[in-house]
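Numbering (the working numbering), first residue to last: 165 to 218. The structure appears right after this line, and notes come after that.
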């Protein structure tokens, strides 16, 4: 299996775990939405960085 696919799978798993953690944590809805948006932006940035370096 290619390293890129493994890395993408790991990043996807981390993103899903972070999303579930944020959704299940007791917090105001507006704060939760901000956290989800930030995590998504971070994930996109990480994937872009990995794709452009390989």
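Think of the CB as a built atom: it goes at the ideal place given N, C-alpha and C, for glycine as much as any other residue. Model, not experiment: these values are computed from the prediction.
Using 8 Å as the threshold, is the C-beta distance between residue i and residue j below it?
i: residue 189; j: residue 203; result: no
i: residue 184; j: residue 207; result: no
Quick check on DSSP: helix, strand or coil for residue i?
i: residue 238; result: One cannot answer for residue 238 here, as it falls past the ends of the chain, which runs 165 to 218.
i: residue 166; result: coil
Can you name, in chain order, every residue of its own chain whose Cβ lies under 8 Å from the Cβ of residue i, other than the five neighbours on each side?
i: residue 187; result: 196, 200
i: residue 172; result: 211, 214
Roughly how many angstroms separate the alpha carbons of residue i and residue j, rounded to a whole number?
i: residue 193; j: residue 170; result: 33 Å
i: residue 179; j: residue 191; result: 19 Å
i: residue 216; j: residue 177; result: 21 Å
Spatial neighbours of residue i within its chain, please: C-beta separation below 7 Å, excluding the five flanking residues on both sides.
i: residue 209; result: none
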